[in-house]
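Reading through the structure tokens given below for one structure.
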Amino acid sequence: MKRRQFITLLGGAAAWPLAARAQPKPARIALLGSGAAQSSGIFVDALKQGLTDNGLIEGQGYVLDIRWAEGEYERFPALAAEVVSRNPSVILATTIAAVRSAQRASVSIPIVMTTINDPVGAGLIASLGRPGGNTTGIANLSEDLTPKVLEILRAIIPTASAIAALFNPANPSNLAMLDKIRGYAGTFGATVEPAELKAPRELERVFGAIVGRAPDALLVINDASILDMRARIMALALQHRLPVASSYPEFTDAGALAGYGPPRFDLYRRSAYYVKRILDGAKPADLPVEQPTRIELSANLKTAKALGIAIPDSFLARVDRVIE
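Residues in the sequence shown are numbered from 15 upward in steps of one, following my numbering.
Dropping the structure here:
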């Protein structure tokens with residue numbers, strides 16, 4: 015082989031690994047989820063769809079590193095420390111406890127809230143317009159919508175005067191919402207009996223206590239781990255012929271009588287916009303926190319029929335989506 019040919023071949027061989035090394039590594043995106051993989055899968059799918067919409071392909075533009083708390087919020091500090099040790103580009107967090115744990119684990123890694131109750135009131139951000147720090151994302155308006163869910167429940171069942179309220183005491187926003195709906199219920203002579211659900215393993219016991227008080231209906235207060243238990247909650251509610259309403263459209267799909275709130279699929283999908291902006295160099299402090307633009311009123315006619323409840327035509331005329 016001539017010397018010139020040998021040098022050319024050598025130069026080409028050396029250039030190849032350099033080109034390969036120049037290819038950017040996929041960004042590591044961590045997700046701190048409140049529930050479990052099986053019941054939260056539709057929301058992970060929504061997030062992935064949003065990332066695809068923003069030009070990020072799994073395995074090429076990003077890898078997803080998920081940690082599930084499985085309803086045990088006390089696990090979040092350890093889970094947050096674990097994902098931070100892997101140096102992600104962004105951390106997505108699904109509930110107040112997850113966001114707070116991520117903030118304590120790192121003051122520099124960007125955090126995106128997927129759908130959070132009153133993040134200003136919870137002390138997670140300074141304001142919606144100027145969140146400050148390393149956190150931004152989506153707020154869900156639950157503090158305003160939950161009293162309206164009670165109003166909707168009364169519109170369908172005007173005689174409902176004793177209402178149970180399922181909430182998670184580990185979620186600080188739930189206590190504020192509980193106080194709000196109790197005050198609102200008092201204006202028309204109804205009572206609200208709280209039912210604490212601290213962990214998934216306690217559901218059957220808590221539900222037994224609810225049924226023992228014989229309420230007219232059950233109101234589900236917004237919490238990510240409770241949303242994750244929607245199938246189990248609705249199976250128990252239908253077994254005991256207890257009407258349920260919530261600010262989760264997904265609960266209506268699972269068998270609740272009615273719901274009024276933003277579809278969580280939309281919010282998770284929109285969270286991907288923040289991930290993309292941050293990966294492109296934007297700072298969380300400079301990205302205003304968004305609130306939902308679509309609020310859905312839903313009703314489940316199959317459940318109404320099973321419970322022997324006639325939903326007024328005037329109510330159905332306002333419904334955005336009916337499950338039959």
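All residues carry an ideal CB built from backbone N, CA and C; glycine is no exception.
Note that the structure is a prediction, hence the values are computed from the model and not measured.
*Per DSSP, which residues does E310 bridge with? Please list them.*
Mapped onto the sequence shown, residue 310 falls at position 296. Partner(s): G275.
*Would you kindly work out how many angstroms separate the C-alpha atoms of G146 and R114, rounded to a whole number?*
Within the sequence shown, numbered from 1, the residue matching residue 146 stands at position 132. Within the sequence shown, numbered from 1, the residue matching residue 114 stands at position 100. Using only the alpha carbons, I get a separation of about 14 Å.
*Rounded to whole angstroms, how far is the Cβ of I325 from the Cβ of D230, which I believe are closer than 8 Å?*
If you number the sequence shown from 1, residue 325 lands on position 311. If you number the sequence shown from 1, residue 230 lands on position 216. About 16 Å; that fails the 8 Å criterion.
*Which value, in whole angstroms, describes the spacing of the CA atoms of N131 and G322?*
Residue mapping note: residue 131 aligns to position 117 of the sequence shown, counting from 1. Residue mapping note: residue 322 aligns to position 308 of the sequence shown, counting from 1. So the alpha carbons of these two residues sit roughly 34 Å apart.
*Pick helix, strand or coil for D79, following the three-state DSSP scheme.*
Within the sequence shown, numbered from 1, the residue matching residue 79 stands at position 65. In this structure, D79 counts as strand in the three-state DSSP scheme.
*Between K39, P102, I56, which lies nearest to R283 when the distance is taken from Cα to Cα?*
Residue 283 sits at position 269 when you count from the first residue of the sequence shown. The shortest CA-to-CA distance from R283 to any of K39, P102, I56 is the one to I56.
_Less than 8 Å between the beta carbons of I110 and N185, yes or no?_
Sequence index remark: in the sequence shown, residue 110 carries index 96 (1-based). Sequence index remark: in the sequence shown, residue 185 carries index 171 (1-based). A contact, by the Cβ cut-off of 8 Å.
*Would DSSP call M127 helix, strand or coil?*
Working through the sequence shown from its first residue, we reach residue 127 at position 113. M127 sits in a strand when the DSSP states are folded into three classes.
*Going by DSSP, name the residue or residues bridged to V258.*
In the sequence shown, the residue the question calls residue 258 occupies position 244. DSSP lists L232 as partners of V258.
*Given a threshold of 16 other Cβ atoms within 10 Å of its Cβ, counted over all protein chains shown, does R278 qualify as buried or as exposed?*
Taking the sequence shown and counting its residues from 1, one reaches residue 278 at position 264. Under the 10 Å beta carbon count, R278 is surrounded by 16 or more other beta carbons and is classified as buried.
_Integer Cβ distance of E304 from I152, believed to fall under 8 Å_ = Here residue 304 is taken as the residue at index 290 of the sequence shown, counted from 1. Here residue 152 is taken as the residue at index 138 of the sequence shown, counted from 1. Contact flag correct, Cβ pair sits at about 6 Å.
*Option nearest T317 by Cα separation, candidates G269, V333, A92, L311*: The residue labelled residue 317 in the question sits at position 303 within the sequence shown. Nearest Cα to T317 within the set G269, V333, A92, L311: G269.
*Is W30 helix, strand or coil by DSSP?*
Within the sequence shown, residue 30 is the residue found at index 16, counting from 1. The pLDDT assigned to W30 is 48, lower than 50, so where the model puts this residue is not dependable; a value taken from the coordinates is nonetheless given after this. W30: helix per DSSP, three-state reduction.
*Throw me the rounded Cβ distance for the L180 and I235 pair, which I believe falls under 8 Å.*
In the sequence shown, counting from the first residue as 1, residue 180 sits at position 166. In the sequence shown, counting from the first residue as 1, residue 235 sits at position 221. With a Cβ gap of about 6 Å, L180 and I235 count as contacting.
*Per DSSP, E72 forms a beta bridge with which residues?*
Residue numbering aside, residue 72 sits at position 58 when the sequence shown is read from its first letter. Beta-bridge partners assigned by DSSP to E72: Y76.
_Is the separation between the beta-carbon of R227 and that of E207 shorter than 8 Å?_
Counting from one through the sequence shown, the residue named residue 227 turns up at place 213. Counting from one through the sequence shown, the residue named residue 207 turns up at place 193. Judged by beta-carbon spacing, E207 lies within the 8 Å limit of R227, meaning their Cβ atoms are closer than that value.
*Could you tell me if F221 is buried or exposed, where buried requires 16 or more neighbouring beta carbons within 10 angstroms of its beta carbon?*
Here the question's residue 221 lines up with position 207 in the sequence shown. Burial call: buried.
*Would you report the Cα separation of A94 and N148, rounded to the nearest angstrom?*
Here residue 94 is taken as the residue at index 80 of the sequence shown, counted from 1. Here residue 148 is taken as the residue at index 134 of the sequence shown, counted from 1. The straight-line gap from Cα to Cα measures roughly 15 Å.
*Which one of A272, V77, Y287 has the shortest CA to CA distance from E338?*
Residue numbering aside, residue 338 sits at position 324 when the sequence shown is read from its first letter. For E338, the closest C-alpha among the options A272, V77, Y287 is that of A272.
*Report yes if the C-beta of D193 is less than 7 Å from at least one heavy atom of the ligand HEM; otherwise report no.*
Ligands displayed in this structure: none; no statement on the ligand HEM is therefore possible.
*Between D334 and the rest of its own chain, which residues show a CB-CB distance below 8 Å, the 5 nearest in sequence each way excluded?*
Position 320 of the sequence shown holds residue 334. Excluding five sequence positions before and after D334, the CB atoms of its chain that fall closer than 8 Å to its own CB belong to E310, L311, S312, given in chain order.
*asked:* So, with DSSP's three-state summary, where would you put I110?
replied: Position 96 of the sequence shown, counting from 1, holds the residue named residue 110. I110: helix per DSSP, three-state reduction.
*Run the CB neighbour count on T266, radius 10 Å, all protein chains shown included, and call it buried at 16 or more, exposed below.*
As a working note, residue 266 is residue 252 in the sequence shown. Under this definition T266 is a buried residue.
*asked:* Taking 7 Å as the limit between beta carbons, can you name the residues of its chain near S103, skipping five residues before and five after?
replied: Here residue 103 refers to the residue found at position 89 when the sequence shown is read from its first residue. A distance below 7 Å between beta-carbons, with the five flanking residues on each side excluded, links S103 to the following residues of its chain, in chain order: A41, R42, I43, L293.
*Count the other C-beta atoms from every protein chain shown that fall within 10 angstroms of the C-beta of D237, then say buried if there are 16 or more, exposed otherwise.*
Within the sequence shown, the letter at position 223 stands for residue 237. Classification for D237: buried.
*Helix or strand or just coil, what does DSSP make of A140?*
The residue labelled residue 140 in the question sits at position 126 within the sequence shown. DSSP places A140 in coil when its eight states are reduced to three.
*Per DSSP, what kind of secondary structure is E210 in: helix, strand or coil?*
Against the sequence shown, residue 210 aligns to sequence position 196. DSSP, reduced to helix, strand and coil, places E210 within a strand of the structure shown.
_Sub-8 Å separation of S48 and A92 beta-carbons_ = In the sequence shown, residue 48 corresponds to position 34, counting from 1. In the sequence shown, residue 92 corresponds to position 78, counting from 1. No. Outside cutoff.
_CA nearest to the CA of D158, picked from A107, R168, M191, R255_ = Your numbering for residue 158 matches position 144 in the sequence shown. Nearest option by C-alpha distance: M191.
*Presumed contact (8 Å Cβ cut-off) between A174 and A213, rounded CB distance*: Residue numbering aside, residue 174 sits at position 160 when the sequence shown is read from its first letter. Residue numbering aside, residue 213 sits at position 199 when the sequence shown is read from its first letter. Not confirmed; about 28 Å, so no contact.
*Thinking L46 and I139 are a contact (beta carbons under 8 Å), I'd like their distance in whole angstroms, please.*
Here residue 46 is taken as the residue at index 32 of the sequence shown, counted from 1. Here residue 139 is taken as the residue at index 125 of the sequence shown, counted from 1. About 17 Å; that fails the 8 Å criterion.
_DSSP state of L330 mapped onto helix, strand, coil_ = In the sequence shown, residue 330 corresponds to position 316, counting from 1. Looking at L330 - three-state DSSP - the assignment turns out to be helix.
*With DSSP as the reference, label L180 as helix, strand or coil.*
Along the sequence shown, read from residue 1 onward, the residue named residue 180 stands at position 166. In the structure shown, L180 sits in a strand (DSSP, three-state: E or B).
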